[in-house]
Every structure is written in C-alpha cells, then in structure tokens.
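K.L.:
First, the structure itself, so that you have it in front of you.
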Amino acid sequence: MYSVQYRRLTASNLDNGICFHKMAKVTCIVLFVVAISLRSIQADDSNDSEPDIDLDQIVMECSEKFDIPFPQIPAALRAANAHALKPCFWSCCFMKVGVINSKGQYDVDFTLDLAKKMLGRQDEKKVEATVKDCESVNDAPVSDGNAGCERSLLLATCLLDNCKKNFPEIFGH
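Throughout, my numbering is defined as the position within the sequence shown, counted from one, plus 3.
Written out as structure tokens, the structure is:
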C-alpha cells in the first residue's frame, strides 16, 4: 500500500537532507509527513493503485515552491523551530502527504493509520500520543481557511514540541 524508505536519523545526517524523515514518522506526517530512529520500512504494496509517498520529493517540491533554501529545513528541524520555515511550506508538505486535508484540517485518523502502516508497532504509544496531542490545532481560529497554512504551522510546532518531549534522542538530548 505505502512504500517509504527511511534511514536512521542521527545528528550527523541532519545536514545531509535526511532530517525530514524524522518528521514523517511523527506526522505520517508527514511529512510528512514528517519522521523520527528510522529504518527501512516497506508496508504491504500488493495494491499497486496506491501511490508511494516520496518524502524527499515532497520536501524538495514544497521548498522550491516557497523559495526555501534546503539547508534551512534541517536547521529548523534540528532546532525544533517550525517558525523558521514559511507556514505554507508546512501546508504544502502536510497536504501532499494527507496529514492536512483539503479543508485545511489536521486529519488525526489518517495520520495515525499512516503511521501504523509505515512504522508498525515501533514506538507505537509514543507516536500515537504525539499525533493525538496535536488534535487541538483543529480548534484554533485561523484566517486562511482551506489553505491550511496557519493550521499547518500550529501543527508543525505542536508535533516538533511533542517529538522533542517524546523522542529526545532525535534532538540530541
């Protein structure tokens, strides 16, 4: 169904463009997804009609679309600073993965389902807590409606804060 390649994320490879995979594990998102101590995971791909989620491609497309130099992305993730990147970059990534839906809302159920397919039972309770703790972003007032930029920034901030708390080893703590 989904085919996603992950590499073990360490402080040394944050600068090598691999950092986004850590966020994808968390957001599955998402980049995102997201992505968080990763390994190569391949979910059931017997249904060829389901597209692969190419996180690297999504990040590159969204960074080009919003004129974000690639080195800014790992720096922002390493610092757990969602505000260092444009809100619509987050929206672009999250929407392409499906973490933010077409109505600009955080899709918690989809994110949990995707995380389970991508990660299996690895850190299941921590991932579930991280994903669910951010559900409140859907209640926050935003002025951009379906665009999802403001809500995506709120979500990225929440996910990074919770990842830092639940997965301190990712951030070198």
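All residues carry an ideal CB built from backbone N, CA and C; glycine is no exception.
Looking at Phe69 and Phe92, is the spacing between their C-beta atoms short of 7 Å?
P.N.:
As a working note, residue 92 is residue 89 in the sequence shown. As a working note, residue 69 is residue 66 in the sequence shown. Yes, they are a contact pair.
K.L.:
Please list, in chain order, all residues of the same chain as Asp110 whose beta carbon is under 8 Å from its beta carbon, the five residues on each side excluded.
P.N.:
Against the sequence shown, residue 110 aligns to sequence position 107. Taken in chain order, the residues that qualify are Gly101, Val102, Ile103 and Asn104.
K.L.:
For Ile76, does the three-state DSSP call read helix, strand or coil?
P.N.:
If you number the sequence shown from 1, residue 76 lands on position 73. It is helical.
K.L.:
Between Asp164 and Ala83, which are expected to be in contact by the criterion C-beta below 8 Å, what is the C-beta distance as a whole number of angstroms?
P.N.:
Within the sequence shown, numbered from 1, the residue matching residue 164 stands at position 161. Within the sequence shown, numbered from 1, the residue matching residue 83 stands at position 80. Asp164 to Ala83, Cβ: 7 Å. Contact.
K.L.:
Taking the alpha-carbon positions, what's the Ala87 to Gln75 distance?
P.N.:
Here residue 87 corresponds to residue number 84 of the sequence shown, with the count starting at 1. Here residue 75 corresponds to residue number 72 of the sequence shown, with the count starting at 1. About 8 Å.
K.L.:
Terminal residues of the continuous alpha helix (DSSP H) containing Gln60?
P.N.:
Within the sequence shown, the letter at position 57 stands for residue 60. Run containing Gln60: Leu58 to Lys68, per the alpha helix (DSSP H) assignment.
K.L.:
Pull up the CB-CB distance for Leu158 and Thr133, whole angstroms please, since I reckon it's below 8 Å.
P.N.:
For the purposes of this step, residue 158 is taken as the residue at position 155 of the sequence shown. For the purposes of this step, residue 133 is taken as the residue at position 130 of the sequence shown. Not confirmed; about 11 Å, so no contact.
K.L.:
Please report the distance separating the alpha-carbon of Ser126 from that of Glu67.
P.N.:
Looking up residue 126 in the sequence shown gives position 123. Looking up residue 67 in the sequence shown gives position 64. It should be pointed out that residue 126 corresponds to Asp in this sequence rather than to Ser. Their backbone Cα atoms lie some 32 Å apart in a straight line.
K.L.:
According to DSSP, which residues form a beta bridge with Ile103?
P.N.:
Within the sequence shown, numbered from 1, the residue matching residue 103 stands at position 100. According to DSSP, which records beta bridges pairwise, Ile103 is partnered with Tyr109.
K.L.:
Report all residues from its chain with a CB closer than 7 Å to the CB of Asn141; omit the five preceding and five following residues, and keep chain order.
P.N.:
One-based indexing of the sequence shown puts residue 141 at position 138. Only Gln108 and Tyr109 meet the Cβ criterion.
K.L.:
Would you decide whether Lys99 is buried or exposed? Buried here means 16 or more other CB atoms lie within 10 Å of its CB.
P.N.:
What you label residue 99 is simply residue 96 of the sequence shown in a count that begins at 1. Classification for Lys99: buried.
K.L.:
Please report how far the alpha carbon of Cys95 lies from the alpha carbon of Cys65, in whole angstroms.
P.N.:
The count along the sequence shown starts at 1 and reaches residue 95 at position 92. The count along the sequence shown starts at 1 and reaches residue 65 at position 62. One C-alpha to the other measures close to 6 Å.
K.L.:
Buried or exposed for Ala143, please, with buried defined as at least 16 other CB atoms from any protein chain shown within 10 angstroms of its CB.
P.N.:
Position 140 of the sequence shown, counted from the first residue, corresponds to residue 143. Exposed, since its Cβ has fewer than 16 Cβ neighbours within 10 Å.
K.L.:
Can you tell which of Glu138, Phe97, Lys129 and Pro90 has its C-alpha closest to the C-alpha of Asp112?
P.N.:
Within the sequence shown, the letter at position 109 stands for residue 112. Cα-wise, what sits closest to Asp112 is Glu138.
K.L.:
From the DSSP output, in three-state form, read off Lys89 for me.
P.N.:
As a first step, residue 89 must be located in the sequence shown, where it is residue number 86. Note: Lys89 maps to coil in three-state DSSP.
K.L.:
Might you give, ordered along the chain, the residues of its own chain that have their beta carbon closer than 8 Å to the beta carbon of Glu131, omitting 5 neighbours on each side?
P.N.:
In the sequence shown, counting from the first residue as 1, residue 131 sits at position 128. Same-chain partners within the cutoff: Leu115 and Ala118.
K.L.:
So, for Asp51: in the same chain, excluding its five sequence neighbours on each side, which residues have a beta-carbon less than 8 Å away from its beta-carbon?
P.N.:
Locating residue 51 in the sequence shown gives position 48, where the first residue counts as 1. Low confidence applies to Asp51: its pLDDT is 39, below 50, so where it sits in the model is not reliable enough to give any reading.
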